[in-house]
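Heads up: the structure comes next, in structure tokens.
Number of protein chains: 2
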Amino acid sequence: MALNDESLQELKAELLDELVKDKPSKNLLSERLAEVRSADIGEVLEELIEEDEELPAALAILDVLSSERAANVLGYLPGESQLEVVGELSDTQVLKLLEEMGSDERVDLFNLLDEDRREALLRRMAHQEREDLKRLASYQEGTAGAIMTSDYVAIASGMTVSQALMRVRQTAPDAETVYQLYILDSDGELIGTMSLRQLIVARPGAFVDDIMIKDVISTAVDEEQEEVARIVARYDLLALPVIDSDGRLVGIVTHDDAMDVAESEATEDFHKGMSIGQLEDGVSRVRLWSLYRKRVTWLVLLVFANLFSGAGIAYFEDIIAAQVALVFFLPLLIGSGGNAGAQAATLMVRGMATGDIGVKDWSKMLGRELLVAGSLGLTMAIAVTPIGIFRGGEAVAMVVALSMVTIVLFGSLIGMCLPFVLERFKVDPATASAPLVTTLIDATGVLIYFTIATAILSQL
Amino acid sequence: MALNDESLQELKAELLDELVKDKPSKNLLSERLAEVRSADIGEVLEELIEEDEELPAALAILDVLSSERAANVLGYLPGESQLEVVGELSDTQVLKLLEEMGSDERVDLFNLLDEDRREALLRRMAHQEREDLKRLASYQEGTAGAIMTSDYVAIASGMTVSQALMRVRQTAPDAETVYQLYILDSDGELIGTMSLRQLIVARPGAFVDDIMIKDVISTAVDEEQEEVARIVARYDLLALPVIDSDGRLVGIVTHDDAMDVAESEATEDFHKGMSIGQLEDGVSRVRLWSLYRKRVTWLVLLVFANLFSGAGIAYFEDIIAAQVALVFFLPLLIGSGGNAGAQAATLMVRGMATGDIGVKDWSKMLGRELLVAGSLGLTMAIAVTPIGIFRGGEAVAMVVALSMVTIVLFGSLIGMCLPFVLERFKVDPATASAPLVTTLIDATGVLIYFTIATAILSQL
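Chains as they are written, first to last, in our numbering: chain A, -5 to 454; chain B, -5 to 454.
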């Protein structure tokens, strides 16, 4: 069964005790660890590394694992924790671990090391390995190249099914996945793909070229990782091949790495949606200073943006002094506009993130939003009218109802359009966060409300 | 290559022309469709079905596909569109399609049909098929049982590697995945698992019982689908076996279905985060009336919640009339509190959704939030002090700065605690939406601001 939080805590306590208490034989610990899954050991290690004083315990656990297992466990740790572990190991130990890691994890860790360490490690690697690592490390973060692995199974064009099957058996220990095979011509160009399922049901003497699917879904090495995750999800792929500009296969992105990307993108969008910068780790673990920094920038910027609402109010000070009852409805009106606008922005941002809406859909979405927002505004105006009459009389009720329709309509349009505008200017639409939308609408709302109030009340 | 939006539109236009213009031979259309991937045909059909008058064109396209292909394409359509198609088909045609569908898609479609149709179809099915369908249809929506498929490869305990490989070859055409195999004892109990990779590198004469992994990660049939998706992602599984209370294997959830769940859960959380009800379809396609309904409920509720802020203001009308300058800072202060609170709520909600935070972490997170929110409040108070002095003099500046610290601190605590409280009462924490948090904080903020103002300004 999968471990839940509680059983993980028990495991952690058990491992710590086995280790710290009367330092028993390594064998005992090693036997116990053999029964635990790598992902779960990783979870325990992550907590131990966080609690700084337990780092030696984490190292002792890694020490009794085989290099292969240790590399596997390390792959489940966030970069920062990997770095803490590697900082305590000798170059020889690190080289052994790097060797056992998948090529995508290897390069991720490598990119985190400082330059001196990288140079030292590179000097001690074999030529082929060094070139491979350098090449993978050169791809820009956030692209297909940066998340792909080069441990795929390549089949040479012209092979028979039984030859291909033999090749799969040989490559199985090192390949990230053996379930999707890639057929390359003599130039390394990707000319077809087939699944292991197709291979094992095929006649042994048949040629792979006759069975393979020639129209391969692939992606460019510089494609954005979000788009990569979308393609994998849309076509239900086990792995997506990545090709360079000459059509040569350079790597594959596996479904689990694509799922990780999709999840971290969703989290990033959530945080952006509430004006929080990108966190390097889960909120329960990230350093407090980092959390402060990621939140403060937008909050202070929004303080200044909010001054526009204040300035609007200052401009209308006379009518407020004459009719203090108007202030009663201020939070209600700007709040409603902000809420409607934030809804509209969220629908657009998420629709764009999942690929449901593109920039070309702008005019269609505008028409829809006008209709829906108009109806919403009317409904809310009706809801608020009795309260307006009760607190300020009929004239104030009219001002409030009219302002409600106008503010909700404007708010929704601002919320709907902002993501498109940002996308147009190549800014991530998720930056059209609720706080930003709300603040913009607050200022607009103040102007609309008091302008309508001045117009109507001055006629009485 | 994967199709982008533009090439999909071209494909749609081409298909429509081939069909509508001078009704050419079916062969031509059929040949063209053979080159298009099922996911892409599905995308085109979805758009055609939406535009009501093009439904016949969609049916004509499905008509030239083989039953197997048609079932495959149908699997890419949302339930509503599937229903429109099936409404136009005879029982015989529907039965053929159902037969070709994966068991998970079959039951999804079946559950959407009205009772008469279901009865009619059940009567014409073979006994075994009928029982299987009824059993799958009985699992509650949102659980592992509802998203699993019964098309897995089961291997009997005691088989040799070569017998197992033979079994895989036989089952390959029908199984959802052949890459993870499940070993059952004579009672159907799940006693082990192995990957096809392990199987093909193993010695043909070895027994599967000696190679299989005995500690299988599995889930219960009534486990929530979010948890299922989390387990699949955490252990990087290709498929997660689902067992009943007796430990018998009843189905598997494949990685692509888990990824779909994760994506739709994220979208749902996004929408809840902005007080939008659950949409049945993407925002660009859902009916306007439905969009209105999903947005209006919360907006109107929040109108009434906002009245508390108004009531607070009414209570302090005297001090406002005496010091209208105080109103200038009102949107700023309650806006800042709302923003900080929404940030805190978002961090908690997303942390809980990804499994990073559990209810047990409450006290730890409270301590962290107190520190961070205190620092945020101080920073913002410092930022706003000069403006306070400039607009209202030193006394007002003091009121504003003090209120800022207090409101940001309170706002953050409300935002942080609400998701935990909701989770405690078994309400989805994502309901602790930014609008709700903002509205709660608005009312608190008004009280704090004017209480501090009364206390300080009345002493002068």
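Backbone N, C-alpha and C define an ideal beta-carbon position, used for all residues, glycine too.
Boundaries of the alpha helix (DSSP H) around A336 (chain B): L324 to A347. Counting along the chain, I313 (chain B) sits inside the alpha helix (DSSP H) bounded by residues E311 to A316. Using beta-carbon distances, A377 (chain A) counts as an interface residue toward chain B, with a partner under 7 angstroms.
Rounded to whole angstroms, the gap between the alpha carbons of V155 (chain A) and V162 (chain A) is 10 angstroms.
DSSP places R31 (chain A) outside both helix and strand once states are collapsed to three, so it counts as coil. DSSP places V172 (chain A) in the coil class of the three-state scheme, outside both helix and strand. Taking 7 angstroms as the CB threshold, Q87 (chain B) stays off the interface with chain A.
The segment 288 to 300 of chain B and the segment 432 to 439 of chain B touch, with three or more beta-carbon pairs separated by less than 8 angstroms. Under the DSSP definition of a beta bridge, A150 (chain B) partners with B:L178. Within a 10 Å sphere around the beta-carbon of A52 (chain B) sit 16 or more other beta-carbons, which makes this residue buried.
In the DSSP assignment, P235 (chain A) falls within the unbroken beta strand (DSSP E) covering A233 to I237.
Bounds of the alpha helix (DSSP H) holding T261 (chain A) are H249 to G267. In the pairwise beta carbon analysis, the segment 314 to 329 of chain A is classified as not touching the segment 412 to 426 of chain B: fewer than three pairs are separated by under 8 angstroms. With the criterion set as a beta carbon lying under 7 angstroms from some beta carbon of chain B, the members of the segment 240 to 254 of chain A are H249, D250 and M253, in sequence order. Residues of the segment 255 to 276 of chain A with a C-beta less than 8 angstroms from any C-beta of chain B: A256, E257, A260, T261, D263, F264, H265, G267, M268, S269, I270 and G276, listed in chain order.
Scanning its chain for C-beta atoms nearer than 6 angstroms, with the 5 sequence neighbours on each side dropped, one finds around R242 (chain B) the residues G182 and E183, in chain order. Our two residues, L293 (chain B) and P429 (chain B), have alpha carbons roughly 9 angstroms apart in a direct line. In the displayed model, G245 (chain A) falls within a strand according to three-state DSSP. Nearest neighbour of L231 (chain A) by Cα position, chosen from A:D251, A:L77, A:V79 and A:I237, turns out to be A:D251. For L285 (chain A), the CB contacts under 8 angstroms within the same chain, skipping 5 residues up- and downstream, are L273 and V277 in chain order. The criterion of a C-beta distance shorter than 7 angstroms is satisfied by S397 (chain B) and L327 (chain B). Counting the other CB atoms within 10 Å of its CB gives Q219 (chain B) a total of 16 or more, which places it among the buried residues. Of all alpha-carbon atoms in A:L175, A:A334, A:E37 and A:Q192, the one lying nearest the alpha-carbon of T165 (chain B) is that of A:Q192. Per the DSSP secondary-structure output, A214 (chain B) pairs in a beta bridge with B:I237. Counted as a single uninterrupted DSSP element, the beta strand (DSSP E) harbouring L184 (chain B) occupies residues L184 to S189.
Around the beta-carbon of P380 (chain B), fewer than 16 other beta-carbon atoms lie within 10 Å, marking it exposed.
Counting only Cβ-Cβ distances below 9 angstroms, S180 (chain B) has no contacts in chain A at all, with the closest Cβ about 22 angstroms away. The segment 244 to 258 of chain A makes contact with the segment 135 to 145 of chain A; the number of CB pairs closer than 8 angstroms reaches 3 or more.
Rounded to whole angstroms, the gap between the alpha carbons of F310 (chain A) and E41 (chain A) is 56 angstroms.
Apart from sequence neighbours up to five positions away, the residues of its chain that approach G36 (chain B) with a beta-carbon distance below 8 angstroms are V67, L68, G69, Y70 and L71, ordered along the chain. Taking a 10 Å sphere around the C-beta of I207 (chain B), we find fewer than 16 other C-beta atoms and assign the residue as exposed. Residue state for I351 (chain B) is assigned as coil, using DSSP reduced to three classes. When Cβ pairs closer than 8 angstroms are counted between the two stretches, the segment 351 to 364 of chain A is seen not to touch the segment 263 to 270 of chain B, the count staying below three. With its beta carbon at least 7 angstroms from every one in chain A, S60 (chain B) lies outside the interface.
Restricting attention to alpha helix (DSSP H) runs no shorter than 4 residues, the segment 56 to 124 of chain B encloses them at 61 to 68, 73 to 81, 85 to 94, 97 to 106 and 109 to 117, ordered along the chain. Boundaries of the alpha helix (DSSP H) around Y443 (chain B): A428 to L451.
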